[in-house]
Amino acid sequence: MNTIIVVLTCMLLCFSILPLIRNDYWVFRVFDYPRLQKLFLSTLVFLLLFVYYDGSSIWLYTLAGLLLVNICYLLWLIWPFTILSAKQVLKATDRNPANRLSIMIANIFQDNKNSRGCLTQIARVNPDILVLLETNSRWDLETRELEYNYPYHCRVPLENTYGLLLYSKLELTDTHVEYLVEEEIPSIHTKVTLRNGKQVQLFAVHPTPPTPNENVRSTERDKELLLIADLAHESELPVIVAGDLNDVAWSHTTELFLKMSGLLDPRRGRGFFNSFHANYFFVRFPLDHAFISPHFKLNAIKRLRNCGSDHFPIYLSVQLDETAVYEQQPLAVDADDIEEAEEKKEKI
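Going by full-length UniProt numbering, 180 is the number at position 180 of the sequence shown; the sequence numbering is gapless.
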């Protein structure tokens, strides 16, 4: 038992140290994801140490000290996303339907056959804007009935699991599809006209993850996110970036994205809203996101019921507020952040 505890302690420490190495290779980046799981396992091994370890007291307190440091470090990383932390996006206090916008983000899993269940859920949730990810030509055909309630749309069905379908009840203008980094990985850029006539810039994105069977490095994902961050920062309109970013809310790259874009994360101070993997309780991460500019306040954010996909859909309702930009602050950016972002964008 002593050997098992020592090995588990060393593994957990390595899993926390690897993401600190600023290398794009997937082995380093993949351990950004399971911070909640690492926290749970570190706490469990810490308790087992005092119950089952019968080696020397020096080793006992050394292992306990290392595990305690790891637990505190992981708590510090996830703290901003707990309900005990300050909310980055404030709650809207007045009801103004003309200023409101709701969006549903659903990675439907390309091989999922339950299109009817997905359509039923969309009808029940009734969002203003719908972003469907991993949509191929079959999903495009099976969801065409959405046109009756969503007259504005941009469809980019693909067979490579990176197809996008964007449907909107609100008018879309200046809509175009961009392939910012990879030739077969699209993003949709459009302006949404709210019921009060004001416009909002929307980016729907789904970059590739750093995995051995796709891109062995996070270089492509990081570059696309930072290019979107630049567009968001330069926009004169309020901005929403929505989609499956294939990155967790607490990663270094997501934090860099928020700093460079000036956007806010409505999760902060409210919870994790883990969206993937829907079928495995212990292996869940917040991969599906909606980041918003400081012009908005929040009406609601929630995780929806799964309809046959490996992702839970995410629902967000926000509201333009004239005072919001004075009450909400994006993350501060410094010279090191700017230098790192430029280096990442120059890769490939």
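Here a beta-carbon is modelled for each residue, glycine too, at the ideal position from N, C-alpha and C.
TYR52: member of the alpha helix (DSSP H) spanning 35-52, first to last residue.
With contacts defined as CB atoms closer than 8 Å, LYS297 and ALA92 qualify as a contacting pair. For the 8 Å CB-CB criterion, TRP139 and SER115 form a contact. The three-state reading of DSSP puts CYS72 in helix, counting H, G and I together. Between GLN110 and ASN70 a beta carbon distance of about 37 Å is seen, past the 8 Å cut, so the two are scored as non-contacting. In this structure PRO266 does not touch PRO294 by the C-beta definition: roughly 12 Å separates them, more than the 8 Å allowed. When the beta-carbon positions are compared, ILE292 and ARG303 stay at least 8 Å from each other. Where GLY243 is concerned, the enclosing beta strand (DSSP E) starts and stops at 239-244. Positions of the beta strand (DSSP E) runs, each at least 3 residues long and wholly inside the region 61-134, are given as 100-107, 129-133 in order along the chain.
Per the coordinates, the alpha-carbon of TRP26 lies some 19 Å from the alpha-carbon of HIS277. As computed with DSSP, TYR167 is found in a beta bridge with LEU130, HIS153.
Boundaries of the alpha helix (DSSP H) harbouring ASP337: 335-346, taken from the DSSP string. The straight-line gap separating the alpha-carbon atoms of LYS259 and VAL239 is approximately 14 Å. Excluding five sequence positions before and after ASN112, the CB atoms of its chain that fall closer than 6 Å to its own CB belong to GLY308, SER309, given in chain order.
Boundaries around VAL6 are those of the alpha helix (DSSP H), 2-17, since no beta strand (DSSP E) includes it. Cβ neighbours of SER235 within its own chain (closer than 6 Å, five residues either side excluded): GLN201. Going by beta carbons, ARG270 and ILE83 fall inside the 8 Å limit. At a Cβ-Cβ threshold of 8 Å, GLU184 and TYR162 count as neighbours.
The beta carbons of LEU47 and ILE78 sit no closer together than 8 Å. For the pair of segments examined, the region 2-11 was found not to touch the region 220-236: the number of CB pairs separated by less than 8 Å stays below three.
In this structure THR173 is exposed. Its beta-carbon is surrounded by fewer than 16 other beta-carbon atoms within 10 angstroms. Taking each of LEU132, LEU13, PHE312 in turn and checking the Cα distance to LEU68, the smallest one comes out for LEU13. Taking 8 Å as the upper bound for CB-CB distance, GLN199 and THR193 are in contact here, some 5 Å apart. Counting only the Cα atoms, GLU142 lies some 57 Å from PHE50. Burial is judged here by how many other beta carbons sit within 10 angstroms of a residue's own beta carbon; PHE282 has fewer than 16 and is exposed.
Going by beta carbons, ILE122 and VAL156 fall outside the 8 Å limit. With a cutoff of 8 Å on beta-carbon distance, LEU119 and LEU130 are scored as not near each other. Looking at the DSSP output, LYS302 bridges to TYR315. Spanning the alpha carbons of LEU164 and ALA204 requires a straight line of approximately 8 Å. For LEU202, the enclosing beta strand (DSSP E) starts and ends at 199-205. When DSSP reads this structure, ARG217 sits in a beta bridge with TYR25.
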